[in-house]
Amino acid sequence: MQATGVIVEYNPFHNGHLYHLNEAKRKTNADVVIAVMSGNFLQRGEPAIVSKWTRTHMALAAGIDIVIELPYTFAVQKAETFAFGAVFLLESMKCTRFCFGSESGTIDHFVHTVQMFKNHKNQIDAIIKQEMKKGVSYPTAVSRAFQSLNIRDGIDLSQPNNILGFHYVKAVDDIQASIVPYTIERKSAHYHDERFSSDTIASATSIRKAFFETKDWNQIASYVPVTTLAALQNYYQEIGQLHHWESYWPFLQYRLITSSIEQLREIYEVEEGIEYRLKEMAPSSVSFHDFMEKMKTKRYTWTRLQRMCVHILMNTRKEDMWKSMKAPSYIRLLGMSENGRNYLSQIKKDLSLPLISKVGANVQELLAFDLLATRTYGIGVKKTKKRRDLMNMDFTCPPVYFKKS
574 MQATGVIVEY NPFHNGHLYH LNEAKRKTNA DVVIAVMSGN FLQRGEPAIV
624 SKWTRTHMAL AAGIDIVIEL PYTFAVQKAE TFAFGAVFLL ESMKCTRFCF
674 GSESGTIDHF VHTVQMFKNH KNQIDAIIKQ EMKKGVSYPT AVSRAFQSLN
724 IRDGIDLSQP NNILGFHYVK AVDDIQASIV PYTIERKSAH YHDERFSSDT
774 IASATSIRKA FFETKDWNQI ASYVPVTTLA ALQNYYQEIG QLHHWESYWP
824 FLQYRLITSS IEQLREIYEV EEGIEYRLKE MAPSSVSFHD FMEKMKTKRY
874 TWTRLQRMCV HILMNTRKED MWKSMKAPSY IRLLGMSENG RNYLSQIKKD
924 LSLPLISKVG ANVQELLAFD LLATRTYGIG VKKTKKRRDL MNMDFTCPPV
974 YFKKS
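Dropping the structure here:
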């Protein structure tokens, strides 16, 4: 069976994702599609609107065959680390190809840009340092460094999916993986679009924004598969809410107020003295959004600050994170279809990493960050029983098995 991988968050799974999935199957002649998916906290440093198990069900219902979890230590990270962890896991799952969406849509341009990066690394690094001294963010500095080279047939590294795609292809080169990258041009909606266009494809950002502003399911029904809409409605009815940062603000504010400057300095991604600004702004902020507005600067993007906030909320110390970031050391199975189960039975004995489908005493150390992330995610739930249930789901919830009726 030929396996194709996709790297996803599905927050939530929408029509654009369905288009990407179907095109990936067609373009790579896949027999099985494996999704490596962020857990309950995402790359942009925010809680997923529904749990990783509900998002797994959305993926399987739409046609994904296997869902594995991208560990917290790679999921809530800058693009380079996120991409490395995801590509490493897809290679470990014996995928022969993987396919990502991009603004470029031409894989040769990504390969060429990665090669140019290797050939001019010292020059690019020097320009990045110069640009960052001007107070700009790291992604902006990287984009300007590449622009200065005037690369012919390169990619626009100011675009979010192109940035991730560049790091995916670079990760393949860095680890000398055998997996072959493909890309599909992103249709209609851009990654950061906050408003709907006139068609049936919209960004996940705009879908989340529409729901939180209106609480009207009809506002998003045209932009997601019926299985996604049903999963969202069921989750909302059962849990009583969809997750967003404001639910966690009291806990984050408490951590910021009660932690010392020295304790904050030990947290992963807290750098360059920003711990003083964190301490200064936390007591007077009335909401997470208010806090972020006060914290955001040219150098510190909204996304970078949100990731920092997740690590503060989780008490993720630099020392502990650095130990876990070398490479993924396990494969966490979240769900599978019947087709996916058949594939797993074929490759299971040949896997180079342990495949974890059930949390036991012997694997808890490996999963320590992921288990803590689930418990932290659960504290944002208002309903007492549902909060307790969600906090324990890593121990009580088996992999989702989806069988077509």
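Going by the numbering used here, the sequence shown opens with residue 574, and the numbers climb by one from there. C-beta atoms are modelled at their ideal positions from N, C-alpha and C, and glycine is treated no differently.
Residue i - DSSP class collapsed to helix/strand/coil
| i | result |
| --- | --- |
| Y821 | coil |
| R759 | coil |
| S716 | helix |
| Y583 | coil |
| Y873 | coil |
| G913 | helix |
| G578 | strand |
| V954 | coil |
| A699 | helix |
| V753 | strand |
| V774 | Reading off the sequence, residue 774 comes out as Ile, not Val. If DSSP states are grouped into helix, strand and coil, I774 belongs with coil. |
| Y764 | The predicted model places Y764 with a pLDDT of 49, which falls under 50 and marks its position as unreliable; any figure quoted below should be read in that light. If DSSP states are grouped into helix, strand and coil, Y764 belongs with coil. |
| V932 | coil |
| V709 | coil |
With 16 other Cβ atoms within 10 Å as the buried cut-off, status of residue i
| i | result |
| --- | --- |
| N588 | buried |
| P856 | exposed |
| W818 | buried |
| D967 | buried |
| A648 | buried |
| W822 | buried |
| K706 | exposed |
| K976 | exposed |
| Y916 | buried |
| H740 | buried |
| G913 | buried |
| E845 | exposed |
| T577 | buried |
Span of the beta strand (DSSP E), counted from its first residue to its last, around residue i
| i | result |
| --- | --- |
| G908 | 904-910 |
| F614 | That residue, F614, is in no beta strand (DSSP E); it is neither H nor E in DSSP. |
| R670 | 670-675 |
| Y974 | 973-975 |
Run of the alpha helix (DSSP H) containing residue i, from where it starts to where it stops
| i | result |
| --- | --- |
| I641 | First-last for I641: 639-643, but that is the beta strand (DSSP E), not the alpha helix (DSSP H). |
| G658 | 652-665 |
| A632 | 625-635 |
| Y545 | Look at the range of the chain in this structure, 574 to 978, and you will see that residue 545 is not part of it. |
| F785 | 777-787 |
| V745 | 733-747 |
| Y849 | 847-854 |
| L926 | Here L926 belongs to no alpha helix (DSSP H), and DSSP marks it neither H nor E. |
| Q810 | 799-812 |
| D863 | 861-868 |
| Y592 | 588-601 |
| R838 | 834-838 |
Residue nearest to residue i in terms of C-alpha spacing, selected from the options
| i | options | result |
| --- | --- | --- |
| V742 | D681, Y592, E892, P644 | D681 |
| V753 | W790, V623, T669, T646 | T669 |
| R905 | A576, Q575, R617, L662 | L662 |
| Q814 | K977, R960, A659 | R960 |
| I580 | G618, A632, P620 | A632 |
| E582 | I952, K869, A659 | A659 |
| T756 | L591, A597, V932, L851 | A597 |
| I736 | Y841, F785, A656 | A656 |
| L878 | Q836, N584, S710, V623 | S710 |
| A603 | Y841, M574, K958, L926 | M574 |
Distance cut-off 7 Å: residue i Cβ against heavy atoms of the ligand SAM
| i | result |
| --- | --- |
| Q696 | With respect to small molecules bound, the structure shown includes none, and the ligand SAM cannot be examined in it. |
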